[in-house]
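J.: I am attaching a structure below and will ask some questions about it afterwards.
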Amino acid sequence: MALMFTFFGLLAAACVMWVGPFFMDKEIIPIINWETRTFSTPVLAVLLFASVALFPALLLPSSPSMWVAGMTFGYGFGFLLIITAAAVGVSLPYLIGSMFLRKIQGWLDNYPKRAAILRAAGEGNWFHQFRAVTLIRISPFPYILYNYCAVATHVKYGPYLLGSMVGMVPEIFVSIYT
1 MALMFTFFGL LAAACVMWVG PFFMDKEIIP IINWETRTFS TPVLAVLLFA
51 SVALFPALLL PSSPSMWVAG MTFGYGFGFL LIITAAAVGV SLPYLIGSMF
101 LRKIQGWLDN YPKRAAILRA AGEGNWFHQF RAVTLIRISP FPYILYNYCA
151 VATHVKYGPY LLGSMVGMVP EIFVSIYT
């Protein structure tokens with residue numbers, strides 16, 4: 001067992017050290033450079049807003065768009081652009097999830113142990129829900145899925161939106177900084 005963990009640890013380290021930078025140099029950075037050369041600043045702002053707002057609803061990561069916003073607009077306008085787009089980006093799955101409430105609740109019922117933390121977020125008063133959503137956003141939990149599950153756990157929209165925004169601030173600053 002220890003040998004297996006050692007092997008996978010070394011494999012992960014090799015991927016981070018060699019595959020990650022190779023992928024960044026060959027794929028991500030050329031795309032980012034193309035975007036900044038091709039589009040004017042206002043058009044790029046609209047495209048970045050749309051991608052940060054729509055990608056979470058499509059279960060796609062929006063971090064590369066946040067990187068471009070940080071490189072193009074800096075901390076001030078880049079942060080405002082990303083945080084407003086992220087507000088839309090977490091609201092869309094919440095609203096879509098409300099249409100599929102029974103289906104999502106059934107999925108959570110199939111995995112009671114894994115869904116326990118998510119269900120705990122929907123319990124209690126407004127502040128408890130806010131705090132739970134904020135902690136879920138800060139944790140390594142894949143919160144793109146949580147965007148849809150929040151409705152099924154009976155988290156109200158107000159604490160969900162505010163907790164999401166507060167919990168995403170560290171990620172946004174890291175994305176802008178890179």
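The numbers in the sequence shown follow the UniProt record's numbering, run straight up by one, and end at 178. Backbone N, C-alpha and C define an ideal beta-carbon position, used for all residues, glycine too.
Relative to the C-alpha of residue 186, which candidate in P170, R131, T36 and A53 has its C-alpha closest?
T.: With the chain running from 1 to 178 in the structure shown, residue 186 is simply not present.
J.: R119 to E171, Cα distance in whole Å?
T.: As a working mapping, residue 119 is identified with position 119 in the sequence shown. As a working mapping, residue 171 is identified with position 171 in the sequence shown. Taking the straight line from one Cα to the other gives about 24 Å.
J.: Measure the C-alpha to C-alpha separation of W34 and M66 and round it to an integer number of angstroms.
T.: Locating residue 34 in the sequence shown gives position 34, where the first residue counts as 1. Locating residue 66 in the sequence shown gives position 66, where the first residue counts as 1. Answer to the nearest angstrom: the Cα atoms are 15 Å apart.
J.: Does the distance from the CB of Y143 to the CB of I96 come in under 8 Å?
T.: Along the sequence shown, read from residue 1 onward, the residue named residue 143 stands at position 143. Along the sequence shown, read from residue 1 onward, the residue named residue 96 stands at position 96. Not a contact, by the Cβ cut-off of 8 Å.
J.: Using three-state DSSP, classify T72 as helix, strand or coil.
T.: The sequence position of residue 72 within the sequence shown is 72, counting from 1. In the structure shown, T72 sits in a helix (DSSP, three-state: H, G or I).
J.: So the candidates are L47, V166 and P64; which of them puts its Cα closest to the Cα of E27?
T.: Indexing the sequence shown from 1 puts residue 27 at position 27. If we check each option's Cα against that of E27, P64 comes out closest.
J.: With a cut-off of 8 Å, do at least 3 Cβ pairs link the stretch 150 to 159 to the stretch 113 to 130?
T.: Output reads yes: the stretch 113 to 130 touches the stretch 150 to 159.
J.: Give every residue of the same chain whose Cβ lies closer than 7 Å to the Cβ of V88, excluding the five residues on either side of it in the sequence, and list them in chain order.
T.: Taking the first residue of the sequence shown as 1, we reach residue 88 at position 88. A53.
J.: Measuring only the C-alpha atoms, how far is L10 from M24?
T.: By 1-based counting over the sequence shown, the position of residue 10 is 10. By 1-based counting over the sequence shown, the position of residue 24 is 24. Rounded to the nearest angstrom, the two C-alpha atoms are 20 Å apart.
J.: In angstroms, rounded to a whole number, what distance separates the CA positions of A69 and L59?
T.: Along the sequence shown, read from residue 1 onward, the residue named residue 69 stands at position 69. Along the sequence shown, read from residue 1 onward, the residue named residue 59 stands at position 59. Spanning the two alpha carbons is a distance of roughly 20 Å.
J.: Let's see if you can read the secondary structure: which residues bound the alpha helix (DSSP H) around L161?
T.: Numbered from 1 along the sequence shown, position 161 holds the residue referred to as residue 161. Unbroken alpha helix (DSSP H) run through L161: Y157 to Y177.
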